[in-house]
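Residue numbers (our numbering), protein chains in the order written: chain A, 27 to 462; chain P, 27 to 462.
These notes are about the structure you will find just below.
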């Protein structure tokens with residue numbers, strides 16, 4: 027079936043869907059772009075029939091230009107994965123609509139070619155970021171490595187914002203010996219809106235991709251104004267607001283740099299990898315059966331058994347405060363201790379982080395934490411819970427030996443953990459006092 | 027057995043423990059204060075024998091004074107529940123040690139009696155806050171109501187900081203028609219340390235308890251300095267750092283007031299309940315089988331079935347971004363949609379919040395959220411995930427009718443939800459731009 031063809035798809039369970047047939051990253055799956063602009067995947071063995079509806083739709087509604095080569099500019103590749111930055115409102119339906127052709131991006135923001143030569147625009151899939159899974163992380167990492175090792179000076183990855191910080195952490199671990207900048211970039215408002223951040227974020231991401239900072243970063247608005255973007259280290263960033271353009275914030279680390287749309291880059295954090303000519307080493311081995319679990323008052327500790335019984339090999343706990351779980355509660359059925367004990371005894375790696383988000387675990391101040399530490403729980407210092415989750419998946423892809431896992435978890439592989447924190451790494455940084 | 031008696035406790039499973047016998051909130055349980063200063067509870071039917079070890083220990087090692095009555099001062103009650111604020115390092119063992127007698131607090135901070143008459147100091151239990159469960163919330167609420175309805179002008183609740191914001195939310199819903207201030211207060215550093223916040227926080231909490239703000243608040247350091255505390259609304263606050271003294275931050279709302287240890291109160295947020303003479307109505311009906319579940323890339327949606335199969339009636343999801351869950355992922359086994367659909371079909375209430383913490387859910391912008399909304403998922407607007415969890419427990423204690431639950435969840439009962447957000451309610455409030 028030809029891509030771009032409108033079809034009606036009949037499922038074995040009786041349901042039917044109409045949409046445009048688009049490329050799938052997966053041989054067992056067929057993807058339709060529905061009329062509301064969203065994509066939906068179908069397993070081939072659930073499909074009864076596919077009926078072509080009309081002539082092939084012309085997807086390129088704009089003149090696709092050849093790249094412009096300007097003397098002295100670096101060459102970058104763009105890997106389009108979906109999200110608001112690749113969308114605009116379809117005024118016929120009112121729904122959000124994704125670009126059908128990734129080159130539409132260059133048509134929307136021709137200024138990109140004043141900053142870099144756009145070597146390549148690739149589009150392995152176009153999905154909302156809440157639908158991204160570790161399999162897509164691997165796919166993206168593979169393409170990034172291929173582009174960098176075949177001559178691109180940097181990579182830009184337009185991505186949905188919801189889980190962009192999980193993807194940035196995953197790429198940080200999968201791209202070993204990185205010698206070039208990799209920018210994940212998104213938009214909180216689609217490009218047809220007057221207040222869209224898509225334009226400035228793409229400009230700043232492209233500037234970042236030509237810089238000397240050889241790190242995976244999230245490049246997004248720095249403040250509510252359109253003055254500058256921050257490049258946040260990929261393992262130290264979190265989406266902290268549902269809708270603000272400055273939703274992404276560095277956590278327990280300073281942003282790497284301030285990037286002005288004029289082209290100026292101000293280094294904020296001198297602790298970063300410099301650009302070099304080495305090849306990036308692609309290492310995408312991950313073990314997927316890892317869970318992230320939050321404790322809270324009244325929480326059911328049998329959730330640990332649920333994962334143990336399903337064959338999970340790693341569990342990251344979002345504990346309270348310094349990294350605590352209920353262990354001496356007055357109500358025995360609410361104590362997590364025996365369940366964590368069982369998991370550890372069965373060889374499952376249990377890591378502890380804090381749901382306070384900011385700060386550092388400490389397993390020595392209070393007896394609850396000491397008891398968990400003595401069991402073999404690995405306290406992940408100042409690592410974000412989400413990053414510890416991604417990292418444990420990657421580490422378990424390489425070894426299941428407890429001592430090796432512990433050693434790797436507590437060794438910085440991509441700036442995700444460090445021994446000392448700075449005063450200005452908290453929310454209130456730069457504030458003498460809030461004005462209220 | 028007499029409280030204060032040192033005992034050796036033999037369990038049926040062969041283990042034994044030594045400690046001091048202290049009051050238990052629960053008839054089926056016996057509590058020992060271990061030699062490291064921590065409490066541990068034992069179910070009576072697991073105990074084989076209790077052997078008295080020596081003469082009763084004298085717990086009051088300081089002169090217990092009678093309350094001082096000063097003309098014109100308001101009268102407050104203190105309900106001690108445990109935590110760092112009631113602890114100091116035992117220099118013999120190096121461990122953290124909880125006060126054995128709650129009146130030790132007055133000995134440590136006699137200045138409290140310059141601010142208010144201390145009517146009563148009660149100590150239903152002394153536990154680290156990670157061990158607090160909804161049963162303890164009920165116990166605290168009962169005592170608060172009794173104290174307020176028998177003449178106290180305000181209540182102060184020293185509490186561990188880890189889960190203080192969950193308790194403050196629970197009390198906010200359980201204390202209906204509140205006409206007096208209720209201050210939860212903690213310390214990030216124990217009172218024997220030079221940088222302890224215990225002293226100033228207790229002073230400010232006592233000032234708050236004599237104020238005209240009839241709300242449950244968390245009173246903690248406002249900034250890194252010792253200049254002032256904030257009173258954060260009990261349903262709008264979260265511990266955001268593992269160890270900083272200004273770890274507690276108002277989320278999606280302004281703090282209610284700034285409180286200076288000199289006694290000055292500056293109202294920050296005019297939207298608060300005023301002190302009145304009415305009786306507080308105690309309403310502690312909760313349904314405990316409610317879960318808080320986070321989605322993330324690769325997350326296992328069968329976690330929903332785990333709770334449904336265990337008879338849970340409510341599930342609060344910490345979604346991504348505007349309140350999304352994986353619904354159209356390329357890997358069918360990772361889609362949460364069919365599992366949420368099943369839960370809703372079986373009559374379980376499913377609520378959606380955002381793991382961004384700041385901001386507001388929106389079920390209309392993207393199709394993934396619209397699909398969940400159409401199923402009957404309740405999007406909790408600007409309510410914190412932790413607060414939605416506590417509230418859903420309280421709401422399900424009163425009705426299981428879907429329309430009634432939805433209506434109550436989306437109606438402000440204690441300032442936990444509001445229709446419009448303010449610019450200055452985000453992290454960056456008061457900042458033109460961070461200094462870095």
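The beta carbon of each residue, even a glycine, is placed where N, CA and C say it ideally should be.
Keep in mind that this is a model prediction, so the values were computed, not measured.
Check: Are residue 302 of chain P and residue 282 of chain P touching if we call contact CB-CB under 7 Å?
Finding: The residue you call residue 302 of chain P lines up with position 276 of the second chain. The residue you call residue 282 of chain P lines up with position 256 of the second chain. Cβ atoms of residue 302 of chain P and residue 282 of chain P: not closer than 7 Å.
Next item on the list: Indicate whether the contact test is met: 3 or more Cβ pairs, each with one atom in the region 219-232 of chain A and one in the region 186-199 of chain A, closer than 8 Å.
Entry: no
Margin query: Since residue 213 of chain P and residue 221 of chain P should fall inside the 8 Å C-beta cutoff, what is the C-beta to C-beta distance between them, to a whole number of angstroms?
Written below: Working through the second chain from its first residue, we reach residue 213 of chain P at position 187. Working through the second chain from its first residue, we reach residue 221 of chain P at position 195. So it is not a contact: roughly 10 Å between Cβ atoms.
Next item on the list: Count the CB pairs spanning the region 200-210 of chain P and the region 126-143 of chain P that are closer than 8 Å, and state whether there are at least three.
Entry: no
Notebook entry, point to check: Looking at the unbroken beta strand (DSSP E) that takes in residue 292 of chain P, where does it start and where does it end?
Noted result: Sequence index remark: in the second chain, residue 292 of chain P carries index 266 (1-based). Its beta strand (DSSP E) spans residues 291-293.
Notebook entry, point to check: Assuming residue 19 of chain P and residue 138 of chain P make a contact with CB atoms under 8 Å, what is their CB distance in whole Å?
Noted result: The displayed coordinates of chain P run from 27 to 462. Any statement about residue 19 of chain P would go beyond what the structure contains.
Item checked: Check whether residue 25 of chain A and residue 384 of chain A have beta carbons under 7 Å apart -> The shown model of chain A, from 27 to 462, leaves out residue 25 of chain A, and the question about it has no answer.
Next item on the list: In the DSSP assignment, find the unbroken alpha helix (DSSP H) run with residue 160 of chain P in it and report its ends.
Entry: Locating residue 160 of chain P in the second chain gives position 134, counting from the first residue. First-last of the alpha helix (DSSP H) with residue 160 of chain P: 160-175.
Check: Roughly how many angstroms lie between the CA atoms of residue 232 of chain A and residue 241 of chain P, to the nearest whole one?
Finding: Residue mapping note: residue 232 of chain A aligns to position 206 of the first chain, counting from 1. Residue mapping note: residue 241 of chain P aligns to position 215 of the second chain, counting from 1. Straight-line Cα distance between these residues: approximately 50 Å.
Check: How is residue 35 of chain A classed by DSSP in three states: helix, strand or coil?
Finding: What you label residue 35 of chain A is simply residue 9 of the first chain in a count that begins at 1. Strand, per DSSP.
Checklist line | Bridge partner(s) assigned by DSSP for residue 65 of chain A | finding: For the purposes of this step, residue 65 of chain A is taken as the residue at position 39 of the first chain. According to DSSP, which records beta bridges pairwise, residue 65 of chain A is partnered with A:59.
Next item on the list: Assign residue 79 of chain A to one of two classes, buried (16 or more other C-beta atoms within 10 Å of its C-beta) or exposed (fewer than that).
Entry: For the purposes of this step, residue 79 of chain A is taken as residue 53 along the first chain, with counting starting at 1. Classification of residue 79 of chain A: exposed, given that the 10 Å Cβ count is below 16.
Note to self: At the 7 Å Cβ level, is residue 358 of chain A part of the contact set with chain P, yes or no?
What the structure shows: Within the first chain, numbered from 1, the residue matching residue 358 of chain A stands at position 332. Interface residue, yes.
Checklist line | Per DSSP, the bridge partner or partners of residue 286 of chain P | finding: Here residue 286 of chain P refers to the residue found at position 260 when the second chain is read from its first residue. Beta-bridge pairing links residue 286 of chain P to no other residue.
Margin query: Run through the DSSP bridge pairs and tell me what residue 267 of chain P is partnered with.
Written below: Within the second chain, residue 267 of chain P is the residue found at index 241, counting from 1. Residue 267 of chain P pairs with A:384.
Margin query: Let me check understanding here. Comparing Cα to Cα, which of P:279, P:253 and P:413 lies closest to residue 447 of chain P?
Written below: The residue you call residue 447 of chain P lines up with position 421 of the second chain. Selected option, being the one with the closest Cα: P:279.
Item checked: residue 48 of chain A versus residue 77 of chain A - alpha carbon distance -> By 1-based counting over the first chain, the position of residue 48 of chain A is 22. By 1-based counting over the first chain, the position of residue 77 of chain A is 51. For residue 48 of chain A and residue 77 of chain A, the distance between alpha carbons rounds to 15 Å.
Item checked: Partners in chain A for residue 47 of chain P, counting only beta-carbon separations shorter than 7 Å -> For the purposes of this step, residue 47 of chain P is taken as residue 21 along the second chain, with counting starting at 1. Those within 7 Å of residue 47 of chain P in chain A number zero; the least Cβ separation is about 15 Å.
Margin query: Rounding to the nearest angstrom, what Cα-Cα distance links residue 64 of chain A and residue 284 of chain P in this structure?
Written below: To locate residue 64 of chain A, count along the first chain from 1; it is residue 38. To locate residue 284 of chain P, count along the second chain from 1; it is residue 258. Near 48 Å, if we compare the C-alpha coordinates of residue 284 of chain P and residue 64 of chain A.
Notebook entry, point to check: Count the other CB atoms within 10 Å of the CB of residue 429 of chain P; is the residue buried (16 or more) or exposed (fewer)?
Noted result: Locating residue 429 of chain P in the second chain gives position 403, counting from the first residue. So residue 429 of chain P counts as exposed.
Note to self: By alpha-carbon positions, which one of A:102, A:338 and A:410 ends up nearest to residue 444 of chain A?
What the structure shows: Position 418 of the first chain, counted from the first residue, corresponds to residue 444 of chain A. With distances taken between Cα atoms, residue 444 of chain A lies closest to A:410.
Check: In the structure shown, what three-state DSSP assignment does residue 75 of chain P receive?
Finding: In the second chain, residue 75 of chain P corresponds to position 49, counting from 1. Residue state, collapsed to three classes: strand.
Next item on the list: Return the CA-CA distance between residue 415 of chain P and residue 140 of chain A, expressed in angstroms with no decimal places.
Entry: Counting from one through the second chain, the residue named residue 415 of chain P turns up at place 389. Counting from one through the first chain, the residue named residue 140 of chain A turns up at place 114. Between residue 415 of chain P and residue 140 of chain A, the C-alpha separation is close to 50 Å.
Next item on the list: Could you tell me which chain P residues have their CB closer than 7 Å to the CB of residue 453 of chain A, listed as they occur along the chain?
Entry: Within the first chain, residue 453 of chain A is the residue found at index 427, counting from 1. Those are 266, 275 and 453, listed as they occur along chain P.
Notebook entry, point to check: List, in order along the chain, the chain A residues whose C-beta lies closer than 9 Å to that of residue 426 of chain P?
Noted result: Translated into the one-based positions of the second chain, residue 426 of chain P becomes position 400. None at all; the shortest Cβ gap to chain A is about 18 Å.
Notebook entry, point to check: What in chain A is Cβ-close to residue 386 of chain P, meaning under 8 Å?
Noted result: Locating residue 386 of chain P in the second chain gives position 360, where the first residue counts as 1. Under the 8 Å cutoff, chain A gives 268 and 269.
Note to self: Distance check for residue 320 of chain A and residue 246 of chain P, CA to CA, integer angstroms please.
What the structure shows: On the second chain, position 220 is the one that residue 246 of chain P refers to. On the first chain, position 294 is the one that residue 320 of chain A refers to. Rounded to the nearest angstrom, the two C-alpha atoms are 24 Å apart.
Notebook entry, point to check: Does DSSP classify residue 99 of chain A as helix, strand or coil?
Noted result: For this step, residue 99 of chain A is matched to residue 73 along the first chain. Correct three-state label for residue 99 of chain A: coil.
Notebook entry, point to check: Enumerated in chain order, which unbroken segments of the alpha helix (DSSP H) with a length of 4 residues or greater are wholly contained in the region 175-240 of chain A?
Noted result: 190-200 and 224-235
Notebook entry, point to check: Whole beta strand (DSSP E) runs in the region 310-378 of chain A with 3 or more residues, listed along the chain?
Noted result: 316-320 and 340-345
Notebook entry, point to check: For residue 84 of chain A, which three-state DSSP category applies?
Noted result: The sequence position of residue 84 of chain A within the first chain is 58, counting from 1. With a pLDDT of only 45 at residue 84 of chain A, under 50, the local geometry of the prediction cannot be trusted, and no value is derived from it.
Note to self: Quick check: what's the CA-CA separation for residue 67 of chain A versus residue 389 of chain A?
What the structure shows: Here residue 67 of chain A refers to the residue found at position 41 of the first chain. Here residue 389 of chain A refers to the residue found at position 363 of the first chain. Whole-angstrom Cα-Cα distance: 45 Å.
Next item on the list: Hey, could you find the ends of the beta strand (DSSP E) residue 443 of chain P is sitting in?
Entry: For the purposes of this step, residue 443 of chain P is identified with residue 417 of the second chain, where counting begins at 1. Here residue 443 of chain P belongs to no beta strand (DSSP E), and DSSP marks it neither H nor E.
Notebook entry, point to check: Which whole-angstrom value describes the C-beta separation of residue 348 of chain P and residue 268 of chain A, a residue pair presumed to lie in contact below a C-beta threshold of 8 Å?
Noted result: Numbered from its first residue, the second chain carries residue 348 of chain P at position 322. Numbered from its first residue, the first chain carries residue 268 of chain A at position 242. Their Cβ separation, rounded to whole angstroms, is 5 Å, which keeps residue 348 of chain P and residue 268 of chain A in contact under 8 Å.
Check: Taking DSSP as the reference, what is the three-state secondary structure of residue 450 of chain A?
Finding: Position 424 of the first chain holds residue 450 of chain A. Note: residue 450 of chain A maps to helix in three-state DSSP.
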